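K.L.:
Protein chains: 2
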Amino acid sequence: MQPKIEIISPRPDPALDCAAMGKLREPLGADDCGLPLALEVMGERWSFMILRAALNGVYHFEDFLGALGIARNILSNRLANLVTHGILQREQMADDRRKVEYRLTQKGVDLLPAMLALRQWGEKYGLGVPSNPVLVDKRDCLPIGPITMRAHDDRVIAYDDLQWLDRDEVGKAGSDCCGPGPEELPGLRV
Amino acid sequence: MQPKIEIISPRPDPALDCAAMGKLREPLGADDCGLPLALEVMGERWSFMILRAALNGVYHFEDFLGALGIARNILSNRLANLVTHGILQREQMADDRRKVEYRLTQKGVDLLPAMLALRQWGEKYGLGVPSNPVLVDKRDCLPIGPITMRAHDDRVIAYDDLQWLDRDEVGKAGSDCCGPGPEELPGLRV
DNA sequence: GATTTAAGTTGCGAATCGCTACCTAAAAGA
DNA sequence: TCTTTTAGGTAGCGATTCGCAACTTAAATC
Numbered sequence: 304m305q306p307k308i309e310i311i312s313p314r315p316d317p318a319l320d321c322a323a324m325g326k327l328r329e330p331l332g333a334d335d336c337g338l339p340l341a342l343e344v345m346g347e348r349w350s351f352m353i354l355r356a357a358l359n360g361v362y363h364f365e366d367f368l369g370a371l372g373i374a375r376n377i378l379s380n381r382l383a384n385l386v387t388h389g390i391l392q393r394e395q396m397a398d399d400r401r402k403v404e405y406r407l408t409q410k411g412v413d414l415l416p417a418m419l420a421l422r423q424w425g426e427k428y429g430l431g432v433p434s435n436p437v438l439v440d441k442r443d444c445l446p447i448g449p450i451t452m453r454a455h456d457d458r459v460i461a462y463d464d465l466q467w468l469d470r471d472e473v474g475k476a477g478s479d480c481c482g483p484g485p486e487e488l489p490g491l492r493v
Numbered sequence: 304m305q306p307k308i309e310i311i312s313p314r315p316d317p318a319l320d321c322a323a324m325g326k327l328r329e330p331l332g333a334d335d336c337g338l339p340l341a342l343e344v345m346g347e348r349w350s351f352m353i354l355r356a357a358l359n360g361v362y363h364f365e366d367f368l369g370a371l372g373i374a375r376n377i378l379s380n381r382l383a384n385l386v387t388h389g390i391l392q393r394e395q396m397a398d399d400r401r402k403v404e405y406r407l408t409q410k411g412v413d414l415l416p417a418m419l420a421l422r423q424w425g426e427k428y429g430l431g432v433p434s435n436p437v438l439v440d441k442r443d444c445l446p447i448g449p450i451t452m453r454a455h456d457d458r459v460i461a462y463d464d465l466q467w468l469d470r471d472e473v474g475k476a477g478s479d480c481c482g483p484g485p486e487e488l489p490g491l492r493v
């Protein structure tokens, strides 16, 4: 019943071609990266769709069922899983004790940027899918912008502007960072 | 062998409780949202991990294998899938015709914000996972900021500031947008 | 009391996943 | 040349997961 992305222990070659480029290599599959953790919950096939439904104001079992077209047992399983991971909160209604509400927690709401980034990517590459209901800012009724990567000073930053660095070296202008050239970006770590 | 998130056709109740709140309801599961499209590829269990490895400079079959700890046939399947969807590009090396390189396309690189958002979420809620190698801006060696949602004028915007609106209504200050109060946000659609 | 509704649980066949072993073509070594 | 190694896969098998349909339970409603 567990997703089992399972943090891998026996890494065959710890060095790989890392030393060749003289830069840090993030240990893939190790647990010092948040991605496997996130994927343990949200990597399940229906998790993001359930999250989207919850953000749409769907709270009840049968409504999820109708909105998503998911199988009953799978929905049951997913909801329990999301509750276990603190993304949804299960609450029995007081006025009708048959009813159960699944509400997003703050942890669940905090997945919104990830979901929007995925959705925007899907729109961009999904053969003219303009996605009619637009997400707008309440204040001025204007659509929100694309999810972007930002530098510390809010500049929009691109793939080629990025580099990995050890946490101890961030402040210091040492190592091979802050160099002049674009230096070919051999292995962008993320 | 196909992922088969399969856009659902027989939606039982097209109205649901939508009309009650007097606001637009985005058709969940319909194809006017980019999320199911994105999930069709990236919803597979290993897709994001493979993407991360590719961003780390892993290009070859055996390197993915060692870095991820994935099964051979599954890796083979996933790589083919990602190539089919234009996220990776398969290229036979000229100097050693045994070797095949899987390189990210622009479409693949464009998944970086989604991946970072997921990763940052995993870091935030993953019990003190500081994630040592830090992604920094090449120019000043400072870490990039968190992935955030932005209004059209670059203001960071939160969940409660958002609302769904029909595309035809975005410019006009009509409907119930731009109203004074926070009006309780009954069903945030996303 | 009978029926309906909400939220599941159970059983079954089909598809998917992970593991191990095998395969093929090209390169390297003796 | 002949053997071995390397790179990139397939094939087979058991375990798990998914989707579908039927059944269950408890509470509300008629």
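In the order they appear, the protein sequences are chains A and B.
Per the working numbering, the first sequence starts with residue 304, numbered consecutively.
Per the working numbering, the second sequence starts with residue 304, numbered consecutively.
Using N, Cα and C, we set each Cβ at its ideal position, and we do this for glycine too.
As the structure is a computational prediction, the values presented were derived from the model and not from experiment.
1. Just by C-beta distance, which residues in the segment 398-424 of chain B are closer than 8 angstroms to chain A?
2. Using only the alpha-carbon positions, how far apart do residue 400 of chain A and residue 392 of chain A sit?
3. Quick one: is residue 351 of chain B near chain A, going by C-beta distance under 7 angstroms?
4. Report all residues from its chain with a CB closer than 6 angstroms to the CB of residue 394 of chain B; omit the five preceding and five following residues, and keep chain order.
5. Determine the chain A residues that contact residue 396 of chain B at a beta-carbon separation under 9 angstroms, and present them in chain order.
6. Give me the chain A residues within the contact set of residue 431 of chain B, using Cβ-Cβ distance strictly less than 8 angstroms, ordered along the chain.
7. Locate the alpha helix (DSSP H) running through residue 343 of chain B, then write down its first and last residues.
8. Taking the Cβ atom as the reference point for each residue, do residue 378 of chain A and residue 352 of chain A lie within a distance shorter than 7 angstroms?
9. Less than 7 angstroms between CB atoms is the rule here; does residue 323 of chain B satisfy it with respect to chain A?
10. Leaving out the 5 sequence neighbours to the left and right, which residues in its chain are closer than 8 angstroms to residue 349 of chain B when beta-carbon positions are compared?
11. Taking the runs of the beta strand (DSSP E) that are 3 residues or longer, which of them lie wholly in the segment 346-426 of chain A?
12. Find out if the Cβ-Cβ distance for the pair residue 410 of chain B, residue 431 of chain B is shorter than 7 angstroms.
13. Which residues in the same chain as residue 473 of chain B place their Cβ atom closer than 6 angstroms to its Cβ, once the five residues preceding and following it in sequence are excluded?
14. Just reading off the beta strand (DSSP E) that residue 512 of chain B is part of, what are its end residues?
15. Put residue 458 of chain B into one of helix, strand or coil per three-state DSSP.
16. Residues of chain A with CB closer than 9 angstroms to the CB of residue 386 of chain B, please, in chain order.
17. Going along chain A, which residues have a C-beta under 8 angstroms from residue 460 of chain B?
18. Taking only the alpha-carbon atoms, compute the straight-line gap between residue 375 of chain B and residue 387 of chain B and give it to the nearest angstrom.
19. In whole angstroms, what is the alpha-carbon distance linking residue 383 of chain A and residue 397 of chain B?
20. Does residue 375 of chain B come within less than 7 angstroms of chain A when only Cβ atoms are used?
21. Out of B/458, B/442, B/470, point me to the one whose CA is closest to residue 448 of chain A's CA.
22. Looking at the strands, I want to know which residues DSSP matches up with residue 272 of chain A.
23. Comparing the C-beta of residue 466 of chain A with each C-beta of chain B, is any distance below 7 angstroms?
24. Would you say residue 440 of chain A and residue 454 of chain B are within 7 angstroms of each other, going by their C-beta atoms?
25. For residue 465 of chain B, which residues does DSSP report across the bridge?
26. Can you give me the C-alpha to C-alpha distance between residue 364 of chain B and residue 429 of chain A, rounded to a whole angstrom?
27. Flag residue 383 of chain B as yes if its beta-carbon sits less than 7 angstroms from any beta-carbon of chain A, otherwise no.
28. Using 7 angstroms as the limit for Cβ to Cβ distance, is residue 473 of chain A near chain B?
29. Going by DSSP, which residues form a beta bridge with residue 276 of chain B?
30. Report buried or exposed for residue 339 of chain A, applying the criterion of at least 16 other Cβ atoms within 10 angstroms of its Cβ.
31. In angstroms with no decimal places, state the Cα-to-Cα distance between residue 438 of chain B and residue 402 of chain A.
32. Considering only their Cβ atoms, is the gap separating residue 341 of chain A from residue 467 of chain B smaller than 7 angstroms?
33. Taking only beta-carbon atoms, is residue 378 of chain A less than 7 angstroms away from chain B?
34. Out of B/407, B/434, B/450, state which residue places its alpha-carbon closest to the alpha-carbon of residue 257 of chain A.
P.N.:
Answer, in terms of the structure:
1. 410, 412, 413, 414, 415, 416, 417, 418, 419, 420, 421, 422, 423, 424
2. Residue mapping note: residue 400 of chain A aligns to position 97 of the first sequence, counting from 1. Residue mapping note: residue 392 of chain A aligns to position 89 of the first sequence, counting from 1. The alpha-carbon atoms of residue 400 of chain A and residue 392 of chain A are separated by roughly 16 angstroms.
3. For the purposes of this step, residue 351 of chain B is identified with residue 48 of the second sequence, where counting begins at 1. Chain A, which has a Cβ nearer than 7 angstroms to the Cβ of residue 351 of chain B, makes this yes.
4. Reading the second sequence from its first residue, position 91 is the one you call residue 394 of chain B. Cβ within range, chain order: 404.
5. To locate residue 396 of chain B, count along the second sequence from 1; it is residue 93. What residue 396 of chain B touches in chain A: nothing, since even the nearest Cβ is about 15 angstroms away.
6. Taking the first residue of the second sequence as position 1, residue 431 of chain B is located at position 128. Neighbours of residue 431 of chain B on chain A: none; closest Cβ ~11 angstroms, over 8 angstroms.
7. On the second sequence, position 40 is the one that residue 343 of chain B refers to. 337-345 is the span of the alpha helix (DSSP H), which, as asked, contains residue 343 of chain B.
8. Here the question's residue 378 of chain A lines up with position 75 in the first sequence. Here the question's residue 352 of chain A lines up with position 49 in the first sequence. Against a cut-off of 7 angstroms, the Cβ pair of residue 352 of chain A and residue 378 of chain A comes out as no contact.
9. By 1-based counting over the second sequence, the position of residue 323 of chain B is 20. A caution first: residue 323 of chain B carries a pLDDT of 25, below 50, which makes its placement in the model too unreliable to give a value.
10. Looking up residue 349 of chain B in the second sequence gives position 46. Correct list, in chain order: 371, 373, 377, 378, 381.
11. 391-395, 403-407
12. The residue you call residue 410 of chain B lines up with position 107 of the second sequence. The residue you call residue 431 of chain B lines up with position 128 of the second sequence. Their beta carbons are not under 7 angstroms apart, which means residue 410 of chain B does not touch residue 431 of chain B by this criterion.
13. One-based indexing of the second sequence puts residue 473 of chain B at position 170. No residues qualify anywhere along the chain.
14. Summary: the structure shown does not reach residue 512 of chain B, with chain B confined to residues 304 through 493, and so no result is reported for it.
15. Taking the second sequence and counting its residues from 1, one reaches residue 458 of chain B at position 155. Coil at residue 458 of chain B, not helix or strand.
16. Indexing the second sequence from 1 puts residue 386 of chain B at position 83. Those within 9 angstroms of residue 386 of chain B in chain A number zero; the least Cβ separation is about 15 angstroms.
17. Residue numbering aside, residue 460 of chain B sits at position 157 when the second sequence is read from its first letter. Simply 440, 447.
18. Locating residue 375 of chain B in the second sequence gives position 72, where the first residue counts as 1. Locating residue 387 of chain B in the second sequence gives position 84, where the first residue counts as 1. Approximately 18 angstroms, taken between the alpha carbons.
19. Sequence index remark: in the first sequence, residue 383 of chain A carries index 80 (1-based). Sequence index remark: in the second sequence, residue 397 of chain B carries index 94 (1-based). Whole-angstrom Cα-Cα distance: 51 angstroms.
20. Counted from its first residue, the second sequence places residue 375 of chain B at position 72. Not closer than 7 angstroms to any Cβ of chain A, the Cβ of residue 375 of chain B fails to qualify, so no.
21. On the first sequence, residue 448 of chain A is found 145 positions in, with the first residue counted as 1. The candidate whose alpha carbon is nearest that of residue 448 of chain A is B/458.
22. Any property of residue 272 of chain A remains undetermined from this structure, which presents chain A solely from 304 to 493.
23. Along the first sequence, one-based indexing puts residue 466 of chain A at 163. Judged by the 7 angstroms Cβ criterion, residue 466 of chain A is in contact with chain B.
24. Taking the first sequence and counting its residues from 1, the one referred to as residue 440 of chain A is at position 137. Taking the second sequence and counting its residues from 1, the one referred to as residue 454 of chain B is at position 151. Yes, the Cβ-Cβ distance between residue 440 of chain A and residue 454 of chain B is below 7 angstroms.
25. Within the second sequence, the letter at position 162 stands for residue 465 of chain B. Bridge partners of residue 465 of chain B: A/440.
26. Position 61 of the second sequence holds residue 364 of chain B. Position 126 of the first sequence holds residue 429 of chain A. Each residue's alpha carbon lies about 28 angstroms from the other.
27. As a working note, residue 383 of chain B is residue 80 in the second sequence. No, no contact with chain A.
28. Sequence index remark: in the first sequence, residue 473 of chain A carries index 170 (1-based). Yes, contact with chain B.
29. It is not possible to answer for residue 276 of chain B, since the shown part of chain B is limited to 304 through 493.
30. Residue mapping note: residue 339 of chain A aligns to position 36 of the first sequence, counting from 1. With 16 or more Cβ atoms within 10 Å of its Cβ, residue 339 of chain A is classed as buried.
31. Here residue 438 of chain B corresponds to residue number 135 of the second sequence, with the count starting at 1. Here residue 402 of chain A corresponds to residue number 99 of the first sequence, with the count starting at 1. Each residue's alpha carbon lies about 45 angstroms from the other.
32. Position 164 of the second sequence holds residue 467 of chain B. Position 38 of the first sequence holds residue 341 of chain A. No, the pair does not count as a contact, with Cβ atoms beyond the cut-off.
33. If you number the first sequence from 1, residue 378 of chain A lands on position 75. No, because no Cβ of chain B sits closer than 7 angstroms to the Cβ of residue 378 of chain A.
34. The shown model of chain A, from 304 to 493, leaves out residue 257 of chain A, and the question about it has no answer.
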